[in-house]
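So the structure is just underneath, and the comments pick up after that.
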Amino acid sequence: MTEQSKTIDKNEAIRLHKAENRRKFLRALFKRKLVRVSAAGLVLFILMAVFAPLISPYDPNKQVLLDALKGPSSKYLLGTDNFGRDVLSRIIYGARVSLIVGVLAVVIACILGTFLGMVAGFFGGVVDDVINRISEAVRAIPQIVLAMALCAVFGGGIINLSVILGISNIAVYIRMMRGQVLSIKETDYVMAAKLQGNRSMRIMMKHILPNCLSPIIVQMTLQVGQTILSEAGLSFLGLGISAPTASWGSIVSDGRQYLMQNPLFSIAPGICIALLVVFLNTVGDGVRDALDPRMRGKI
Amino acid sequence: MGKFILKRTGQTLIVLLIVSIFIFLLVSFLPGDPVYAMLGGEITTETYNRWYFQLGLDKPLVVRYFYWLSKAVVGDFGISASQHKAVSEVLAQRVPITLYLSFFSFILSVPLGILLGIIAAVNRGKKIDGILTTFANVCSCLPQFFLSVLFLYLFSIKLHALPSFGFTWPWVDFVKSFRQALMPILCLTIGGIASICRQTRSSMLEVIGQDYIRTARSKGLSQKKIIYIHAMKNALIPVITLMGLRLGGLIGGSMFVESVFNIPGMGMLLVTAIKAQDIPLIQACVLLIAVVACVVNIITDIVYAAVDPRIKI
Chain A
0 MTEQSKTIDK NEAIRLHKAE NRRKFLRALF KRKLVRVSAA GLVLFILMAV FAPLISPYDP
60 NKQVLLDALK GPSSKYLLGT DNFGRDVLSR IIYGARVSLI VGVLAVVIAC ILGTFLGMVA
120 GFFGGVVDDV INRISEAVRA IPQIVLAMAL CAVFGGGIIN LSVILGISNI AVYIRMMRGQ
180 VLSIKETDYV MAAKLQGNRS MRIMMKHILP NCLSPIIVQM TLQVGQTILS EAGLSFLGLG
240 ISAPTASWGS IVSDGRQYLM QNPLFSIAPG ICIALLVVFL NTVGDGVRDA LDPRMRGKI
Chain B
0 MGKFILKRTG QTLIVLLIVS IFIFLLVSFL PGDPVYAMLG GEITTETYNR WYFQLGLDKP
60 LVVRYFYWLS KAVVGDFGIS ASQHKAVSEV LAQRVPITLY LSFFSFILSV PLGILLGIIA
120 AVNRGKKIDG ILTTFANVCS CLPQFFLSVL FLYLFSIKLH ALPSFGFTWP WVDFVKSFRQ
180 ALMPILCLTI GGIASICRQT RSSMLEVIGQ DYIRTARSKG LSQKKIIYIH AMKNALIPVI
240 TLMGLRLGGL IGGSMFVESV FNIPGMGMLL VTAIKAQDIP LIQACVLLIA VVACVVNIIT
300 DIVYAAVDPR IKI
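So, in structure tokens, the structure goes:
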């Protein structure tokens, strides 16, 4: 009886401790006004993407050739493109592409990279060498060039693009995780787990991974913005999302020939990319600072 | 030191070998028949056969790889189908243009970025720091292609001040060349300034808080001397990495600017090669970009080891 109540107490204490930590983290995160504003902006973009069919005034792919290249008016708030499609509706739907690709690619990069880095660090030896050389080779080609080459072979589209951008971002996670694991591997609790006869996979998943997560989370939040920039860039070059699906990058590219007729056609989606990435980076910086115990007092 | 350089060079060669295998395999997975993809559907059987054998498609993949590699090492990348010229000839035309633009943007962005970063760090928390940090944060989020379109709209279409496209070498027509290159170089520079400024600011702040700076202060040295001599030396070490990264992207990072301003450089070349599925050209471009990035990487590592005695060689 006493034994049982003790364990409940312990679990309760751990739960309370975690809740307290979470509260501290959130308080530190939202202490700065800039982070609060950015988080709000980010939520707006997400809502825009989720409820795109409800809020967009027109079908993003519907062509009204008579209304082509109209400037902003009460009918078309941001004007129309060269096929007479409503620019605002296309931008609203474009938020979906950017956010889906950005998040999906980072998740793919993180899962693959974290796993490979963990395996490399944990087993060492030949496994480590092979994974290291591969990650160095991936890093040797600039990310955007690698993504371009992969796009040429496997084609664009949302899923392909996410996988491609994920793979081209993999090296960061491999290196980070490997470094973390190398230091954690030597700690007593990992040794104890080994002596208990746990299998390697269990040790990695149960004991090592949870202790490496915070730098990985920071890296992920900062990387979503970068990935959105890469996706926009690839679509701008005509290698990413293909017509007629609206992507911010491709709208900027389509619109640059018509800067005289309707400048907003090209400039408005560009502003959206920049805003979204600024918001993401600010929140990412906030998360990094809030997770760093040294910074908690200062911000 | 010699041993370190040798070791790093050896490692890089291995990495480049993997990269070359990767590039070769990747391109050989391009969808469709490579000859038709390059030349279009309407060709005679003779032309088809000629290209089929020229590309060595009748031989196994491994043989083709080593054949390609042995030629690539001496700079022979075969013939570009879309440009109807030897790939090396095409590269010789395109690479200098990109190098010219990127080089100027590099030598502009480094001192400016460092200077602004130091100003922001020294005035931490003041108005000027706020302005500079906001500028740097926003500029590093602006996609380069959007910046280029924005500049194009402002300076070419609204103000009619600068030509909107093209490239001329300065010795052909200096004024024209200057006017044409101004916007592309600016667009390439702004991102660099922003990222170098951010890195300088944060590493400078870290250094300023250290004991030896306090010692320098208590010794009565002037603020200028402390910042520009004592603190800067150590604060710039992390900036070297960033400079290396930017330098490594010199010939592979300008496709956006080149595509907006219609500059026939390396970035445009890669984009057109990919769209035309010009296999030899894609292989050569990606390999060249990777080689440059790797060489710069070695140089960065050596410089790093030379300036920071804490790094064990």
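Top line first, the protein sequences correspond to chains A and B.
Each residue of the first sequence is one higher than the last, beginning at 0 in numbering that gives the first Met the number 0.
Each residue of the second sequence is one higher than the last, beginning at 0 in numbering that gives the first Met the number 0.
Don't be surprised by glycine CBs; every beta carbon is placed ideally from N, CA and C.
Check	Outcome
With a threshold of 7 Å on Cβ separation, who are the neighbours of residue 104 of chain B within its own chain once the five nearest residues in sequence on each side are excluded?	184, 187, 188, 191
Could you name the residues of the segment 226 to 260 of chain B whose beta carbon sits closer than 8 Å to any beta carbon of chain A, in the order they occur along the chain?	247, 248, 251, 252, 254, 255, 258, 259
Spatial neighbours of residue 202 of chain B within its chain, please: CB distance less than 6 Å, with the 5 preceding and 5 following residues excluded, ordered by chain position.	234, 237
Can you tell me the Cα-Cα spacing of residue 92 of chain A and residue 29 of chain A, whole angstroms?	29 Å
So, under 8 Å CB-CB, residue 18 of chain B and residue 140 of chain A are touching, yes? Tell me the CB distance rounded to an integer number of Å.	6 Å
Please classify residue 229 of chain B as buried or exposed, where buried requires at least 16 other C-beta atoms within 10 Å of its C-beta.	buried
Can you find a CB in chain B that lies within less than 7 Å of the CB of residue 230 of chain A?	no
What are the complete alpha helix (DSSP H) segments, minimum 4 residues, inside the segment 103 to 143 of chain B?	126 to 138
For chain A, check one thing: does any of its Cβ atoms lie closer than 7 Å to the Cβ of residue 293 of chain B?	yes
What three-state label does DSSP hand residue 172 of chain B in the structure shown?	coil
Can you say whether residue 52 of chain B is buried or exposed, counting buried as having 16 or more other CB atoms within 10 angstroms of its CB?	exposed
Going along chain C in order, which residues have a C-beta closer than 9 Å to the C-beta of residue 136 of chain B?	Looking for chain C here will not work: the only protein chains present are A and B.
In this structure, how does DSSP classify residue 0 of chain A when only helix, strand and coil are distinguished?	Low per-residue confidence applies at residue 0 of chain A: pLDDT is 47, beneath 50, and the placement is therefore not dependable, though the value from the model is reported in the following sentence. DSSP places residue 0 of chain A in coil when its eight states are reduced to three.
Could you check the C-alpha separation between residue 176 of chain B and residue 170 of chain B for me, to the nearest Å?	8 Å
Round the Cβ separation of residue 207 of chain A and residue 117 of chain A to the nearest angstrom and send it over; I've been treating them as touching at under 8 Å.	6 Å
Which residue wins for smallest C-alpha separation from residue 145 of chain A, given the options B:0, B:275, B:26?	B:26
May I have the straight-line CA-CA distance separating residue 84 of chain A from residue 231 of chain A, to the nearest angstrom?	20 Å
Return the CA-CA distance between residue 56 of chain A and residue 47 of chain A, expressed in angstroms with no decimal places.	12 Å
Indicate whether at least one CB of chain B lies closer than 7 Å to the CB of residue 273 of chain A.	yes
Per DSSP, what kind of secondary structure is residue 262 of chain B in: helix, strand or coil?	coil
When Cβ atoms are compared, which residues of the segment 14 to 42 of chain B fall closer than 8 Å to chain A?	14, 15, 17, 18, 21, 22, 25, 26, 28, 29, 30
Any beta carbon from chain B within less than 7 Å of residue 21 of chain A's own beta carbon?	no
Let me check one thing: in DSSP terms, what residues is residue 79 of chain B bridge-paired to?	B:84
Going by DSSP, which residues form a beta bridge with residue 226 of chain A?	In the DSSP output, where bridge partners are listed per residue, residue 226 of chain A has none listed.
Please compile the residues from chain A whose C-beta is within a distance smaller than 7 Å of the C-beta of residue 140 of chain B.	224, 273, 276, 277, 280
Using a C-beta cutoff of 7 Å, does residue 235 of chain A count as contacting chain B?	yes
Closer than 8 Å between beta carbons: that is the criterion. Which residues of the segment 144 to 155 of chain B meet it against chain A?	144, 145, 148, 149, 151, 152
For residue 298 of chain A, I'd like the list of residues in its chain whose CB is within less than 7 Å of its CB, leaving aside the five on either flank, ordered along the chain.	Confidence at residue 298 of chain A is low in this model, with a pLDDT of 39, below 50, so its placement is unreliable and no value can be given for it.
Classify residue 168 of chain B: buried if its beta carbon has 16 or more other beta carbons within 10 angstroms, exposed otherwise.	exposed
Do we get a CB-CB distance below 7 Å when we pair residue 4 of chain B with the residues of chain A?	no
Round the Cβ separation of residue 265 of chain B and residue 284 of chain B to the nearest angstrom and send it over; I've been treating them as touching at under 8 Å.	7 Å
In the DSSP output, which residue or residues are listed as bridge partners for residue 85 of chain A?	A:79
Keeping to the same chain, check which residues put their C-beta closer than 8 Å to that of residue 15 of chain A; ignore five residues upstream and five downstream.	none
Output needed for residue 296 of chain A: all residues of its chain with C-beta closer than 8 Å, excluding positions within five of it in sequence on either side, in chain order.	With a pLDDT of only 46 at residue 296 of chain A, under 50, the local geometry of the prediction cannot be trusted, and no value is derived from it.
What ranges does the beta strand (DSSP E) occupy inside the segment 132 to 174 of chain A, keeping only unbroken runs of at least 3 residues that lie completely in it?	none
Within 10 Å of its beta-carbon, does residue 97 of chain B have 16 or more other beta-carbons around it, so buried, or fewer, so exposed?	buried
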